[in-house]
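Undergrad: The structure's right below; bear with me while I get my questions together.
Protein chains: 2
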Amino acid sequence: MDINQIAQMAGVSRATVSRYFNDGYVSQEKRAAIKRVIDKTGYVPSRQAKVLRTGKTDIVGVIIPKINSASVSRMVSGITPVLNDAGYQVLLANTDNDAAREVEFMRLFSERRQVDGVILVATIFTPAHLAALKELNTPLVVLDQSLSGYSCVYQDDYEAVRELTGQVLATAKAPAYIGVLEEDVSAGEMRHRGFLDACRECGVEVPEDAQELAEFTVDSGYSCAEAIMQARPHTDAIVCATDSIAFGALTYLHEHGLRVPEDVQVTGVGDSELAQVVTPRLTTVHHHYKTSGQEAAKMLLGTMSGDDTVARTVKMAYEIVRRASTR
Amino acid sequence: MDINQIAQMAGVSRATVSRYFNDGYVSQEKRAAIKRVIDKTGYVPSRQAKVLRTGKTDIVGVIIPKINSASVSRMVSGITPVLNDAGYQVLLANTDNDAAREVEFMRLFSERRQVDGVILVATIFTPAHLAALKELNTPLVVLDQSLSGYSCVYQDDYEAVRELTGQVLATAKAPAYIGVLEEDVSAGEMRHRGFLDACRECGVEVPEDAQELAEFTVDSGYSCAEAIMQARPHTDAIVCATDSIAFGALTYLHEHGLRVPEDVQVTGVGDSELAQVVTPRLTTVHHHYKTSGQEAAKMLLGTMSGDDTVARTVKMAYEIVRRASTR
DNA sequence: TTGTAAGCGTTATCAA
DNA sequence: TTGATAACGCTTACAA
Numbered sequence: 001m002d003i004n005q006i007a008q009m010a011g012v013s014r015a016t017v018s019r020y021f022n023d024g025y026v027s028q029e030k031r032a033a034i035k036r037v038i039d040k041t042g043y044v045p046s047r048q049a050k051v052l053r054t055g056k057t058d059i060v061g062v063i064i065p066k067i068n069s070a071s072v073s074r075m076v077s078g079i080t081p082v083l084n085d086a087g088y089q090v091l092l093a094n095t096d097n098d099a100a101r102e103v104e105f106m107r108l109f110s111e112r113r114q115v116d117g118v119i120l121v122a123t124i125f126t127p128a129h130l131a132a133l134k135e136l137n138t139p140l141v142v143l144d145q146s147l148s149g150y151s152c153v154y155q156d157d158y159e160a161v162r163e164l165t166g167q168v169l170a171t172a173k174a175p176a177y178i179g180v181l182e183e184d185v186s187a188g189e190m191r192h193r194g195f196l197d198a199c200r201e202c203g204v205e206v207p208e209d210a211q212e213l214a215e216f217t218v219d220s221g222y223s224c225a226e227a228i229m230q231a232r233p234h235t236d237a238i239v240c241a242t243d244s245i246a247f248g249a250l251t252y253l254h255e256h257g258l259r260v261p262e263d264v265q266v267t268g269v270g271d272s273e274l275a276q277v278v279t280p281r282l283t284t285v286h287h288h289y290k291t292s293g294q295e296a297a298k299m300l301l302g303t304m305s306g307d308d309t310v311a312r313t314v315k316m317a318y319e320i321v322r323r324a325s326t327r
Numbered sequence: 001m002d003i004n005q006i007a008q009m010a011g012v013s014r015a016t017v018s019r020y021f022n023d024g025y026v027s028q029e030k031r032a033a034i035k036r037v038i039d040k041t042g043y044v045p046s047r048q049a050k051v052l053r054t055g056k057t058d059i060v061g062v063i064i065p066k067i068n069s070a071s072v073s074r075m076v077s078g079i080t081p082v083l084n085d086a087g088y089q090v091l092l093a094n095t096d097n098d099a100a101r102e103v104e105f106m107r108l109f110s111e112r113r114q115v116d117g118v119i120l121v122a123t124i125f126t127p128a129h130l131a132a133l134k135e136l137n138t139p140l141v142v143l144d145q146s147l148s149g150y151s152c153v154y155q156d157d158y159e160a161v162r163e164l165t166g167q168v169l170a171t172a173k174a175p176a177y178i179g180v181l182e183e184d185v186s187a188g189e190m191r192h193r194g195f196l197d198a199c200r201e202c203g204v205e206v207p208e209d210a211q212e213l214a215e216f217t218v219d220s221g222y223s224c225a226e227a228i229m230q231a232r233p234h235t236d237a238i239v240c241a242t243d244s245i246a247f248g249a250l251t252y253l254h255e256h257g258l259r260v261p262e263d264v265q266v267t268g269v270g271d272s273e274l275a276q277v278v279t280p281r282l283t284t285v286h287h288h289y290k291t292s293g294q295e296a297a298k299m300l301l302g303t304m305s306g307d308d309t310v311a312r313t314v315k316m317a318y319e320i321v322r323r324a325s326t327r
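Chains as they are written, first to last, in the UniProt record's numbering: chain A, 1 to 327; chain B, 1 to 327.
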């Protein structure tokens, strides 16, 4: 069932049928005739052929570091409806935290105009990333990290952790920090700097080795908390770079008879659903992930339509959610 | 940069270049000449044109009910590598638990051969679903539900909850159950029946109204637990259809001074990451979600290659994970 | 082993 | 307002 058959059945040329679907530059009678045939046959134009001819895919590729992450899923749930409403399909490419695959996907998407635009939910930027980004011939928005020269939407991690730490230090004297790799500028470097600067401002001296390095997992948070409490048993607050890490810390403290928040205060970042479930409920930073996804999608829409050619940078606001794990 | 230019630069016909990429029916010299040109130009064949010509998209559509779900993400992480290794891209379509969108996506995918195959991570089957499935002219595997006449991979929910309940009843006399909608056969009906049959076998009488109906959320678990404990304060075990529900129940019990497992035992299903974090750690059913995803992907691969035309049904094994929330 | 030529199903240009 | 006609970039008989 192709456009030729429809044209023949409706007694018009295939160009007219094409117009029926696109410009709409068709007389009433022909329009009616064509409509009748389409209703009867259930004809739907071939997307592939259209893509080949027009060079537009109506697909946006979203590259995500992992699928099972509260923050990522919130961003995606912000992105999807905005793009769908604008007539785009969303192709999710999951890299499972593999930087090489991330680069691969960028190449794949751009090389042959697989997609009309890309949203990169970023973590780290290797030289390979930068190179791939430079060669990208497709509209792009970077989400969750800031990268100069590109349109970005990201969270104010520095300020958030700085403020949160400041609040904790009102009642704590010996804080420790569990962070993630500094290559991840947002979650690693910025949050850590927020912690350090807050300590400095409060006149709290932070030992050189005060940072433990964790993965983004609960288990990892557990072992880091263990390392901290064994090295410095008088620690009275643990600021964690993510909620997951904080959950691990909470578990360690609980199992070792340390009370939260009386003996040790604990904080996370992310305000995941779990944060309200653990005992005690976790004080954390609420990031507007979903909204940032919407924002990124809108920006991309602007770039794709060509209206909006100049790169911009959006830093999202945050909220501190005080719960029972701090005093 | 198209195949014609490459052909010209290499001094061969475009058919030979095409063969270079496909059959490989090319002499050594020409092959070398073509390779040289390709290396120099970085030429990559247009996927769109190839699709148009061959009718193969090399894309598999995976329809998922929600992105932020532990079980779904595990299934997807099983599916993706299997399909990628076989040369397929995975297009994730998120329906956000909207049955109508689920049907829409099935139509979209099948109508114009957008994809070579579909994996449907199913929850419920409405008449609209059944109709759309019937019209689907694309290889399909149903994941996480059983549906006769179609290839399926699903979890043994009945047996799992039956066995788990049996264990709980060794030390409990007044069990209650928090379930989800029975329209969801796997998570709703099967788990509930497992609970009821186990009670029957142990000679425990279950009041008619012993089931509370919850959403798949923590909050919902909280209110159902509340309803149960108010209606039947002597309840000494709450079997929950999902981990999330169990977390809510745990929170309610904790806040109301009831000890778990001494006063009330609690169980979930799913063995999500959270299950090891909450206090006390949750006894639950471990389903092999990731493996079931792999299995479904392999089945689809078989159907798509045409080898494997007869529908099959795979029921996965499970494990009961006993932790601190039961005795 | 290679080249020629005929499509795949559209849209865009142009003249009518 | 319409219809021929020429692309879009590739694969695949078929013939050489």
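Even for Gly, the Cβ is constructed at its ideal location relative to N, Cα and C.
Once the 5 residues before and after residue 19 of chain A are set aside, which same chain residues still bring their CB inside 6 Å of it?
TA: Excluding residues up to 5 positions away in sequence, 25 and 26 lie with their Cβ nearer than 6 Å to the Cβ of residue 19 of chain A in the same chain.
Undergrad: Are residue 298 of chain A and residue 74 of chain A closer than 9 Å when you measure CB to CB?
TA: Judged by their CB atoms, residue 298 of chain A and residue 74 of chain A are not nearer to each other than the 9 Å cut-off.
Undergrad: According to DSSP, what are the bridge partners of residue 25 of chain B?
TA: DSSP lists no partner for residue 25 of chain B.
Undergrad: Apply the 10 Å Cβ neighbour rule to residue 148 of chain A and answer buried if 16 or more other Cβ atoms are within range, or exposed otherwise.
TA: exposed
Undergrad: If we count the other Cβ atoms within 10 Å of its Cβ and call it buried at 16 or more, is residue 170 of chain A buried or exposed?
TA: Exposed: under 16 other Cβ atoms inside 10 Å.
Undergrad: Just to make sure I have the definition right: I need the residues of chain A whose C-beta is within less than 7 Å of the C-beta of residue 125 of chain B. Which are they?
TA: Here the premise fails: no neighbours, minimum Cβ distance about 23 Å.
Undergrad: Work out the CA separation of residue 52 of chain B and residue 111 of chain B for me, nearest whole Å.
TA: 15 Å
Undergrad: The alpha helix (DSSP H) spanning residue 165 of chain A covers which residue range?
TA: 157-168
Undergrad: Is the beta carbon of residue 214 of chain B sitting closer than 9 Å to the one on residue 161 of chain B?
TA: no
Undergrad: Going by C-alpha to C-alpha distance, which of A:177, A:210, A:119 and A:140 sits closest to residue 72 of chain A?
TA: Residue A:119 is the option with its Cα nearest to residue 72 of chain A.
Undergrad: Using DSSP bridges, identify the partner residues of residue 91 of chain B.
TA: Beta-bridge partners assigned by DSSP to residue 91 of chain B: B:61.
Undergrad: Measuring only the C-alpha atoms, how far is residue 146 of chain B from residue 58 of chain B?
TA: 26 Å
Undergrad: May I ask you to report which of helix, strand or coil DSSP gives residue 120 of chain A?
TA: strand
Undergrad: Indicate whether the contact test is met: 3 or more Cβ pairs, each with one atom in the region 225-243 of chain A and one in the region 261-272 of chain A, closer than 8 Å.
TA: yes
Undergrad: Are the CB atoms of residue 163 of chain A and residue 203 of chain A within a distance shorter than 9 Å?
TA: no
Undergrad: Give the residues of chain B in contact with residue 103 of chain A, contact being defined as C-beta atoms less than 9 Å apart.
TA: Residues of chain B passing the Cβ test: none, with the nearest at roughly 15 Å.
Undergrad: Determine the chain A residues that contact residue 80 of chain B at a beta-carbon separation under 9 Å, and present them in chain order.
TA: 67, 94 and 96
Undergrad: If we ignore side chains and look at the alpha-carbon of each, how far apart do residue 61 of chain A and residue 90 of chain A end up?
TA: 6 Å
Undergrad: For residue 38 of chain A, tell me which candidate among A:309, A:10, A:29 and A:178 has the shortest Cα-Cα distance.
TA: A:10
Undergrad: For residue 289 of chain B, name the three-state secondary structure that DSSP assigns.
TA: helix
Undergrad: With 16 as the cutoff for other CB atoms within 10 Å, does residue 144 of chain A come out buried or exposed?
TA: Burial call: buried.
Undergrad: Rounded to the nearest angstrom, how far is the Cβ of residue 186 of chain A from that of residue 155 of chain A, given a contact under 8 Å?
TA: 6 Å
Undergrad: Within 10 angstroms of the Cβ of residue 256 of chain A, are there 16 or more other Cβ atoms? Answer buried if so, exposed if not.
TA: exposed
Undergrad: Using a cut-off of 9 Å between C-beta atoms, extract the partners of residue 254 of chain A located in chain B.
TA: 279
Undergrad: What are the residues in the region 188-204 of chain B lying within 8 Å of chain A by C-beta distance?
TA: none
Undergrad: For chain B, check one thing: does any of its Cβ atoms lie closer than 9 Å to the Cβ of residue 111 of chain A?
TA: yes
Undergrad: Can you tell me which of the three DSSP states residue 318 of chain A falls into?
TA: strand
Undergrad: Going by beta carbon distance, what residues of the same chain come within less than 8 Å of residue 138 of chain B, once the five residues before and after it are set aside?
TA: 109, 110, 113, 115, 116, 117 and 118
Undergrad: Strictly below 7 Å CB to CB, what residues from chain B border residue 48 of chain A?
TA: 48, 51 and 52
Undergrad: With a floor of 3 residues, list each beta strand (DSSP E) that falls wholly inside the UniProt domain "HTH lacI-type" (1-54) of chain A, ordered by position along the chain.
TA: none
Undergrad: Applying a beta-carbon distance threshold of less than 9 Å, which residues of chain A neighbour residue 266 of chain B?
TA: Per Cβ cutoff of 9 Å: no residues; residue 266 of chain B is ~13 Å from chain A at best.
Undergrad: Of the residues A:34, A:323 and A:319, which one's Cα is nearest the Cα of residue 8 of chain A?
TA: Among A:34, A:323 and A:319, the Cα nearest to that of residue 8 of chain A is on A:34.
Undergrad: List the whole-angstrom C-beta distance separating residue 328 of chain A from residue 316 of chain A, where the pair is believed to meet the contact cut-off of C-beta under 8 Å.
TA: With chain A covering 1 to 327 only, the question about residue 328 of chain A has no answer from this structure.
Undergrad: Pick out whichever of B:221, B:233, B:184 and B:106 has its Cα sitting closest to the Cα of residue 173 of chain B.
TA: B:233
Undergrad: Three-state secondary structure (DSSP) at residue 153 of chain A?
TA: strand
Undergrad: Would the beta-carbon of residue 79 of chain A fall within 9 Å of that of residue 105 of chain A?
TA: no
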